[in-house]
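What follows is a single structure, written as structure tokens, with notes after it.
Protein chains: 2
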Amino acid sequence: MTDRPLSTKDRLIRVAAELFRTRGYHGVGLSELLSAAKAPKGSLYHHFPAGKSDLAVAAADWASDGMLRIIAESFEPAEDFRAGATTLCYKLAKLFDLSGKWDGCPISATLFEGPENEQFLRHARHLFEGWIGEVAHHGERFGYSGEDARTQSEHLFMLFQGGWQLARARHDSDVIRHLPRHLALTPPSTVDGASAQV
Amino acid sequence: MTDRPLSTKDRLIRVAAELFRTRGYHGVGLSELLSAAKAPKGSLYHHFPAGKSDLAVAAADWASDGMLRIIAESFEPAEDFRAGATTLCYKLAKLFDLSGKWDGCPISATLFEGPENEQFLRHARHLFEGWIGEVAHHGERFGYSGEDARTQSEHLFMLFQGGWQLARARHDSDVIRHLPRHLALTPPSTVDGASAQV
DNA sequence: TTGTGTCTGGACCAATCGGTCTAATTCTGT
DNA sequence: ACAGAATTAGACCGATTGGTCCAGACACAA
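So the sequences go chain by chain: L and Y. Counting from 146, one number per residue, gives the positions in the first sequence under this note's numbering. Counting from 146, one number per residue, gives the positions in the second sequence under this note's numbering.
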């Protein structure tokens, strides 16, 4: 919320994250990016020696960190896994609305079309696994076995990615909000249960 | 399979579909596209007066038709909805493997970043709803109520879109193959049942 | 054969692309 | 105040972008 004194580097990252998210890596030119960030070309190549691709990775990392934060904020105070997932979906739906019901997944849009993309793809995978791992961690915290937690987490991930695209095509975030309906309701089938600690 | 005598227009559409699918609308230049299709620039603008964007729409339509065909081929001979969905996922996983475990959804990649994209987005939505409608149709055929069929179909759509992205990041089509595990197993809860006709 | 419309081939265009480079400026610590 | 580093400013570059345009190669009908 306090946005005033933001370093040029941070401004570049934020602007890049937003632009790439809406129009994709190749869809954004440096000139547009720089003018949106009110930064000259020299700054870009000072902070990101490899230029556009460096910046894209940084932007994706920043976006990914934001997502991890939202996941944590959703699951930590939750009563059970389903409640956490529901909160998460609501938060993300709201975010989608705020962005103008227009954006795609920042990771896919930014990294799935990198120059000759093997590195980009690897990095995208790394970030995705981070999200899945974070959700799975909370799944275990709520009593799911490691394997079950991972299954649930991957399911939620795919639902969300798919829902995001459908929401984008429809200009309607309700799909995202209703995602938890599709989650299997099986409660943790553990024998020992010590999970309620907030 | 019989690819020899293919009109310039069709060659353009097929090549465009493939290139856009792997690198996105903005990631493919006309020069590359034309040389891959062995067509001169004049032909492009003869068959697609609006140029790149016209071609993109045609390519997306062609890809969408292919998907509709695969959906039909998967569900028509199936014994029930789940079997159809399973077949569909296997077919698509195989297709993904054949493409080099690299491609994204042809619709998203081609139409989600159109020039100033409202029209493109609307068209993408139209095609997506076509897929969902086709699957839902088979759901009803297998005894689900209209509403349930639609829910199931949307669920499958989102799973597939999300799974596709995960598979792409992982270079591994198993995610797609295992998608049906996440489908709710509730059998059609209809009272009247006349559905076994192949 | 000639005429007519469809299609192809590619030269050409302004605009933009991502990237390099250097001079000026601003920010440090002393 | 000063030196030295960090950062900014933007002119400049060759390559490529999507698009226009027209001459010629075709097809097929009369």
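Quick reminder that beta carbons are idealized off the backbone N, C-alpha and C, glycines included.
Neighbour-count burial assignment, ASP293 of chain L, 16 or more Cβ in a 10 Å radius: Locating residue 293 of chain L in the first sequence gives position 148, counting from the first residue. By the 10 Å Cβ count, ASP293 of chain L comes out buried.
Residues of the segment 227-261 of chain Y whose Cβ lies closer than 7 Å to any Cβ of chain L, in chain order: GLY249, SER253, PHE257, GLU258
Whole-Å CB distance - ILE252 of chain L paired with ALA205 of chain L, under 8 Å assumed: In the first sequence, the residue the question calls residue 252 of chain L occupies position 107. In the first sequence, the residue the question calls residue 205 of chain L occupies position 60. Right, their Cβ atoms sit about 5 Å apart.
THR331 of chain L classed as buried or exposed, judged by whether at least 16 other C-beta atoms fall within 10 angstroms: The count along the first sequence starts at 1 and reaches residue 331 of chain L at position 186. The residue in question, THR331 of chain L, is exposed, as its Cβ has fewer than 16 Cβ neighbours within 10 Å.
Exposed unless 16 or more other CB atoms sit within 10 angstroms - verdict on LEU272 of chain L: Your numbering for residue 272 of chain L matches position 127 in the first sequence. Counting Cβ neighbours within 10 Å, LEU272 of chain L comes out buried, since at least 16 surround it.
Best match in L:ARG159, L:LYS154, L:SER152, L:LEU328 for proximity to ALA208 of chain L [C-alpha to C-alpha]: If you number the first sequence from 1, residue 208 of chain L lands on position 63. Taking only the C-alpha atoms, the option nearest ALA208 of chain L is L:ARG159.
Inter-residue Cα distance where the pair is ARG313 of chain Y and LYS246 of chain Y: Mapped onto the second sequence, residue 313 of chain Y falls at position 168. Mapped onto the second sequence, residue 246 of chain Y falls at position 101. Distance between the alpha carbons of ARG313 of chain Y and LYS246 of chain Y: 6 Å.
Cβ pair SER298 of chain Y, ALA238 of chain Y closer than 8 Å: Sequence index remark: in the second sequence, residue 298 of chain Y carries index 153 (1-based). Sequence index remark: in the second sequence, residue 238 of chain Y carries index 93 (1-based). Cβ distance not < 8 Å, so SER298 of chain Y and ALA238 of chain Y don't count as in contact.
4 or more residues per run - each alpha helix (DSSP H) lying fully within the segment 163-230 of chain Y: 175-182, 186-192, 197-220
Check whether LEU200 of chain L and LEU256 of chain L have beta carbons under 8 Å apart: Position 55 of the first sequence, counted from the start, is the residue given in the question as residue 200 of chain L. Position 111 of the first sequence, counted from the start, is the residue given in the question as residue 256 of chain L. Going by C-beta atoms, LEU200 of chain L is not nearer than 8 Å to LEU256 of chain L.
CB contact check: PHE302 of chain Y to chain L, cutoff 8 Å: Counting from one through the second sequence, the residue named residue 302 of chain Y turns up at place 157. Yes - at least one Cβ of chain L is within 8 Å of the one on PHE302 of chain Y.
Meets three-Cβ-pair contact criterion under 8 Å: the segment 208-219 of chain Y and the segment 278-287 of chain Y: yes
Residues that ARG315 of chain Y contacts on chain L, provided the C-beta gap is smaller than 7 Å: Your numbering for residue 315 of chain Y matches position 170 in the second sequence. Within chain L, the residues near ARG315 of chain Y are ARG270.
Chain L contacts from the segment 265-298 of chain Y (Cβ-Cβ distance under 7 Å): LEU266, ALA269, ARG270, PHE273
Cβ neighbour criterion (16 or more within 10 Å) applied to GLU285 of chain L: Counting from 1 along the first sequence, the entry for residue 285 of chain L is found at position 140. So GLU285 of chain L counts as buried.
Within 8 Å, strictly: CB atoms of ARG315 of chain L and CYS234 of chain L: Reading the first sequence from its first residue, position 170 is the one you call residue 315 of chain L. Reading the first sequence from its first residue, position 89 is the one you call residue 234 of chain L. No.
PHE265 of chain L versus GLU258 of chain Y: straight-line alpha-carbon distance, rounded: In the first sequence, the residue the question calls residue 265 of chain L occupies position 120. In the second sequence, the residue the question calls residue 258 of chain Y occupies position 113. If I take the Cα positions, the gap works out to 19 Å.
Contact set for LYS154 of chain Y: own chain, Cβ-Cβ below 7 Å, skip 5 residues either direction: Taking the first residue of the second sequence as position 1, residue 154 of chain Y is located at position 9. Around LYS154 of chain Y: HIS192.
Contacting residues, own chain, Cβ-Cβ under 7 Å from SER212 of chain L (five flanking each side not counted): One-based indexing of the first sequence puts residue 212 of chain L at position 67. In the sequence as presented, Ser is not what sits at residue 212 of chain L; that position holds Met. For MET212 of chain L, where only same-chain residues beyond five positions count, the Cβ hits under 7 Å are TRP276.
Those runs of the beta strand (DSSP E) which lie wholly inside the segment 267-338 of chain L and span at least 3 residues: none
Cutoff 8 Å: ALA205 of chain Y Cβ touching any chain L Cβ: For this step, residue 205 of chain Y is matched to residue 60 along the second sequence. Judged by the 8 Å Cβ criterion, ALA205 of chain Y is not in contact with chain L.
Alpha-carbon spacing of PRO150 of chain Y relative to ALA181 of chain L, whole angstroms: Taking the second sequence and counting its residues from 1, the one referred to as residue 150 of chain Y is at position 5. Taking the first sequence and counting its residues from 1, the one referred to as residue 181 of chain L is at position 36. Rounded to whole angstroms, PRO150 of chain Y to ALA181 of chain L spans 49 Å at the Cα level.
Rounded straight-line distance, which links the Cα of GLY308 of chain Y to that of PRO194 of chain L: Taking the first sequence and counting its residues from 1, one reaches residue 194 of chain L at position 49. Taking the second sequence and counting its residues from 1, one reaches residue 308 of chain Y at position 163. Between PRO194 of chain L and GLY308 of chain Y, the C-alpha separation is close to 34 Å.
Distance between LEU324 of chain L and TYR289 of chain L (C-alpha atoms, nearest Å): By one-based count along the first sequence, residue 289 of chain L stands at place 144. By one-based count along the first sequence, residue 324 of chain L stands at place 179. The straight-line gap from Cα to Cα measures roughly 20 Å.
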